[in-house]
Amino acid sequence: MYQEMKRMRHLYRMLLLLGCVLHTNGLMNAQSISRMRCEYSVRPICIDASSPRLTWNFQANGDFRQRSYRILVGTDATKLAEKVPAGLVWDSGIVTSSLSRAVYRGKDLQPFTRYYWRVIAWDQRGRQIDSPVESFETALMRTSDWRALWITDGRHRDFEPAPMFRKSFQVDGVHVRQARFYCSAAAYGCFKINGSPVSQDLLNPGYTHYDKRNLYSVYDVGSLLRQGTNVISAVLGNGFYNEIGKVATWGFESARWRNRARMTCMLRMEMEDGTVREILSDGSWRTAVGPYLVNNIYAGDKYDSRLEKKGWELAGYDDSGWQEAMVVSAPSPLLAAQKMPAIRVSEELGAQGFRSQGDTLFIYDFGKNISGFCKLRIQGNSGTQVRLQHGEIKLPNNRLEVGNIACYYSPMEDKEFQTDTYMLNGELQELSPQFCYHGFQYVEVRTSQPVHLTKESLRAEFFHTALKPVGMFECSDELFNKLSAATHVSYLSNLQSIPTDCPQREKNGWTADAHMSMDLALLNYDGILLYEKWLDDFLDNQNDSGRISGIIPSAQWGYDDWIGPVWDAAMFGIPMTLYYYYGDTRPIEKMWPACVKYLNYLKGRENAEKTVTYGIGDWVYYKTQTPTDYTTTCYYYFDNRLMAEFARLLGKDGTAYEQKAQYLRQLIQCKYFDREKALFSNGSQAAQGVALYLGLVPKEYEQRVADNLSQMIAANGGALDCGMLGSKTILRMLCKYGYADQAFQIANRTEAPSWGNWIKRGLTSLAETWNLSPTFKDASLNHVFLGDIHAWMYQYLAGINYDEAQPGFKHILLQPYFVKGLDWAKGSYRSPMGMVKSEWVRRHGRIVLDVEIPANTSATLSVDGKKQELQSGHHHFVYEETKKKH
């Protein structure tokens, strides 16, 4: 009996052990395909690319590598899920590749069609992984697919009240199975069906060169339709398409495209009986004007609620007194799908401070400097005028100060900068503008008659292009965390369908501002579709000579020598950076012809030394200016070096560009480099930082140049003395060449000039310049182009970096710096391949480091000069702080 019980216990233990082993192996081998995207979107319904890009991720425990894949695309989801699917439009066959991305190469995609796709993958051991079935839907695939007409109301472009349109139609008997609403406008269209907005998108469609390209959006509106009479309604805004009067200095009042606001739309209904019905914009639509008296992108909106036409967006409204719409030509020859996210509200803010000065003047403080507008809940006597002016600064008497941001604004009769005006109708109302946005922390409300307002009467809406967050950084230093938050605010405030310089006084797409901000942008947000859209704007902006302007889009302003090649380098740097982060060459393919044309233009501008020297360089420098002939030549080298790399990636001949880059590198070393002193140009901080960052220093001199950079900063009291180019390069190069602790001290500095000084002085966003007066009246307080410090936190403190040789985070470079003064740091980044994490903490004289590498990738971990190769999965390390040993 005892022996039997002993044998049973032994068997039980073996079964438990076997169960544990099987369970563990099950966990280790758990594999699935996730995050399937078409054109970097999940289940998009606006695909107009003939060869859309398909990407996917893997979820797996332990080391996992894709050996091969097969993609199946069809129009029947049920058949696609079968083992031997029929009716495919594309079968890629088995492709041997470790990359989890592909480009559709099947039959011609048809318009207005839903396609389904799935991936079958095999890992390094030959095991098969099947994806779920995903979908994408095409929109217009040919110009002829758009049958709707462009319409307006026939009034002169200087007529200010906004046009309103409506169209009634019947849906009787047969039920609607699916309905899609396709719409575009110049500039903005606010569309509703039966009084309900077709979406929550704002200031849509995106801003373009309106005579070159217009964007349309696609919405699922099946839930808005009903049996019987239905109504489509629209109100149009001017935006940058029709700036009435010289309001600002950028020349939009004389834009070549300027005209009366116009629109086009198409409601496409697939009925249950298989038929298709379309409601198209045409001359049968009815139009009028109403309460939308003025809308100006800089000045604001004016709305008279006494002129509201009650029920005009609903069935049964009598529009017999309205005029017929006028059919007009399209603003441009190209109508393209807007694939980037639209502008949406991301946060509603209540007032953090409120003060009333009597019953006609109220000042609100929202605690954060943002982009957007305000919603006002108010009741007052009919005819009461209410003005909401927005700004970044308060005067000592608590009144609003707009001098720092209204400097480019030309006052006009009955228009104030960043001011929305309402006329009350005597009822309780909630009012907000439709066709403008502002940059502000403070709002001053002034009324012509006494009203009762409270702290809760006004709420701020923070909105911007709705990019999805992909990154997070935190550390033990609260100053850095506040800087991180301020960077997020400034970056998002300056996303309004293009990357802008500031959300208040300019709202312009300055090229270098976005170029210098690319790393912080892409480490924090999934931005490829936004930047691809903006690269289209570059193409539309380039003139016949090959030149581009300093702001994009632009009507005619900014094609000037004072701006120049350092700014223009964005046309090379942006597609290259997108390639590094996404591993995608399509942005480079898009820009290749424009880059060829531009470099041919620069060749015609060369001096006797075969370089170009005009333009601005280290913009907003503190005290020491770096000569622009030096910085321009450096970025002329940068352009040619990247162009040679573009050629290699595209399979083109880049010999001429490679030779030009080498010539310019030698010229810079001969003309601007003092070998005896190991200094570049005039010996400024920015000059050394740029030379090291761009790889212009002879190899044997690199450390000496970096040593000099460190020493000159130390001699300057540990302070920076540079502008934009220095802010991008100096901290990075100090870390690279052994001065990470010094870089941290510079970044952590709170005396001016420094990022920390802005935070110390109470700013919640990033300022335009280091040089700020005690009252902040000098410049904008919501710029992002000095914000690369946030990317530095990800890349050097958390240590998360792409590998240029294996882009798209297929291989990851991990190099965290355990700087003195920081107790812990952690960063995460949802790369195109999956989530990357790096977290370290000081604990009892040791550094504990945890990293996570996504499936189907690998990484190289570098700590204290020692490298270690890692496969996918979680890894844990402990280093002795004194010896820094694993």
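Okay, so the sequence shown: first residue is 1 according to full-length UniProt numbering, each after it adds one. Note that the Cβ used here is the ideal one computed from N, Cα and C, for glycine as well. Just so we're clear, the structure is a prediction, and the values are computed from it rather than from any experiment.
- Residue pairing for A185: DSSP places it in a beta bridge opposite M263.
- In this structure, the CA atom of I297 is about 15 Å from the CA atom of R260.
- Comparing alpha-carbon positions, the option among P111, Q441, Y292 lying closest to F435 turns out to be Y292.
- From the listed residues S497, N541, E308, the smallest Cα separation to S217 is found for S497.
- Distance between V705 and I552, taken at the CA atoms: about 36 Å.
- Taking all protein chains shown into account, W257 has 16 or more neighbouring C-beta atoms within 10 Å of its C-beta and is therefore buried.
- If you keep only unbroken alpha helix (DSSP H) runs of at least 4 residues inside the segment 538 to 601, you get 565 to 568, 570 to 582.
- Proximity to S34 across N682, W117, V848 peaks at W117, based on C-alpha coordinates.
- In this structure the segment 201 to 219 does not lie against the segment 268 to 279, because fewer than three pairs of beta carbons, one per stretch, are closer than 8 Å.
- Per DSSP, the continuous beta strand (DSSP E) segment holding C475 begins and ends at 471 to 475.
- The criterion of a C-beta distance shorter than 8 Å is not satisfied by R226 and V174.
- Membership of L349 in the beta strand (DSSP E) is indicated by the continuous run 343 to 350.
- Residue pairing for L376: DSSP places it in a beta bridge opposite L431, L458.
- The three-state secondary structure of M269, taken from DSSP, is strand.
- Put simply, the segment 400 to 414 does not touch the segment 365 to 372. Fewer than three CB pairs are less than 8 Å apart.
- Inter-residue distance for Y879 and T55 is about 37 Å (C-alpha atoms, whole angstroms).
- For Y491, the enclosing alpha helix (DSSP H) stretches over residues 478 to 493.
- Beta bridge pairing from DSSP links E852 with K837, H874.
- With contact defined as three or more Cβ pairs closer than 8 Å, the segment 541 to 548 and the segment 498 to 505 are not in contact.
- Taking the C-beta atoms as reference points, W285 is found no nearer than 8 Å to I378.
- Looking at the backbone, the Cα of A342 and that of Q669 are separated by about 46 Å.
- DSSP, reduced to helix, strand and coil, places Y317 outside both helices and strands of the structure shown, so it counts as coil.
- In this structure K777 is in contact with G403, their Cβ atoms being roughly 6 Å apart against a cut-off of 8 Å.
- Secondary structure of F776 (DSSP, three-state): coil.
- DSSP links S828 through a beta bridge to M472, K837.
- In the DSSP assignment, T55 falls within the beta strand (DSSP E) that extends over 53 to 60.
- A distance of 8 Å or more separates the beta carbons of V133 and F181.
- Boundaries of the alpha helix (DSSP H) harbouring H515: 511 to 516, taken from the DSSP string.
- By the Cβ-count criterion, D561 is exposed, with fewer than 16 other Cβ atoms from all chains shown falling within 10 Å of its own Cβ.
- For C735, the uninterrupted alpha helix (DSSP H) run begins and ends at 724 to 736, by DSSP.
- Nearest neighbour of A330 by Cα position, chosen from G228, C183, F252, turns out to be C183.
- The three-state secondary structure of E243, taken from DSSP, is coil.
- Per DSSP, D741 is one residue of the alpha helix (DSSP H) stretching across 740 to 747.
- Linking P565 to Y737 through their CA atoms gives a straight-line distance of about 28 Å.
- Beta-bridge partners of K866 (DSSP): V863.
- Straight-line spacing of the CA atoms in G290 and D153 works out to 13 Å.
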